[in-house]
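Below is one structure, written out as structure tokens; comments come after it.
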Amino acid sequence: MNKNSSIGFFDSGVGGLSVYSLFKKSLPSENTLYFGDLKNMPYGNKSKDELLVFARKIVDFFKTQNVKAVVIACNTSSATVYDIIKNEYDFKIYPIIQSSAEVISKMNVKKIGVFATIATINSGAYKREIQKHNSDIEVIEHACPNWTSFVENGQINSPECLEDLKAHYEKISDSKPDKIILGCTHYPFLLPVLTKFADKETFIDPAKIFVDFIHEDLRKSNLLRISSEKGTEKFFVSTNPDDFVTNAKLFYEVKERPSII
Ligand code: DGL
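Written out as structure tokens, the structure is:
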């Protein structure tokens, strides 16, 4: 595997940038590709079979770009299709849930809430992965079907968004969780609204834990690109490149218009 090869990131849209932006800060010399599957967004209400088709198409595309690794910057795909595709390629594939659950399970918490998409919640992946490492933690899972669309439609500051987030927050807080995982990479975009109901420390964004995991694994596998030069980057979408650039702004400045694949 060539250390100078790119690492491919994918998500249904801009959500994965909450991971990607931290990765670029942590490992600035890595060459990277990012794919936002806007045509098929939101992933959260799709079937496993559909999600499998989307993931294979994107990872196959990354394969044509000779990537050295793929980062599934999407909880929904990590929860539903990672186990199926993980052995189909000869490069590493990093899923967000499975890569961050161990660190989360060691946090000082008894009861943890999870906000995620319908598909992620139905898979039970967070509960399973956390309890694999610490069966004493109670995991309360809660689906938020509209949240990805609020981010992708530029409606973060709308009254509908505020009302919807408040209703979901009140529902999960009835169970009094010690912390709440933002189990969809779009949800950190909603923190300015969520922090109207609880302080920032209540929410766990797995992105930082995930990026640290990838960093350490690339190091151990001798795959880190060692260079004083900044890495290159390229963005791809399945449709609507201008929407992608606009909605990305909160997390990342996309300087070149994404190519449509
Ligand atoms: N950002 C993705 C996730 O982490 C997908 C959200 C969606 O498209 O519904 O689950």
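Each residue of the sequence shown is one higher than the one before, starting from -19 at the first, in my numbering. A virtual CB, placed ideally from N, CA and C, is assigned to each residue, including glycine.
Quick one: is residue i buried, meaning 16 or more other Cβ sit within 10 Å of its Cβ, or exposed?
i	result
residue 175	exposed
residue 212	exposed
residue 113	exposed
residue 48	buried
residue 27	exposed
residue 221	buried
residue 226	exposed
Considering just the uninterrupted stretch of the alpha helix (DSSP H) at residue i, what are its terminal residues?
i	result
residue 37	28 to 44
residue 132	127 to 132
residue 144	139 to 153
residue 224	221 to 228
Tell me which same chain residues have a C-beta within less than 6 Å of the C-beta of residue i, skipping the five on either side of it?
i	result
residue 194	74
residue 79	190, 193
residue 101	121, 123
residue -10	15, 38
Can you tell me which of the three DSSP states residue i falls into?
i	result
residue 186	coil
residue 2	helix
residue 162	strand
residue 75	strand
residue 49	strand
Could you pull the start and end residues of the beta strand (DSSP E) that residue i belongs to?
i	result
residue 14	12 to 16
residue 122	118 to 123
residue 99	Premise fails: residue 99 lies in the alpha helix (DSSP H), 98 to 103, not in any beta strand (DSSP E).
With a threshold of 8 Å on Cβ separation, who are the neighbours of residue i within its own chain once the five nearest residues in sequence on each side are excluded?
i	result
residue 117	85, 89, 90, 91, 92, 110, 111
Under 7 Å Cβ to Cβ from residue i, same chain only, skipping five residues before and after it: list those, please.
i	result
residue 2	187, 188, 191
residue 64	32
Ligand 1 site residues, beta-carbon cut 6 Å against heavy atoms: These are the residues, in chain order, with a beta carbon less than 6 Å from any non-hydrogen atom of ligand 1: -9, -8, -5, 21, 22, 23, 24, 54, 55, 56, 97, 100, 128, 164, 165, 166.
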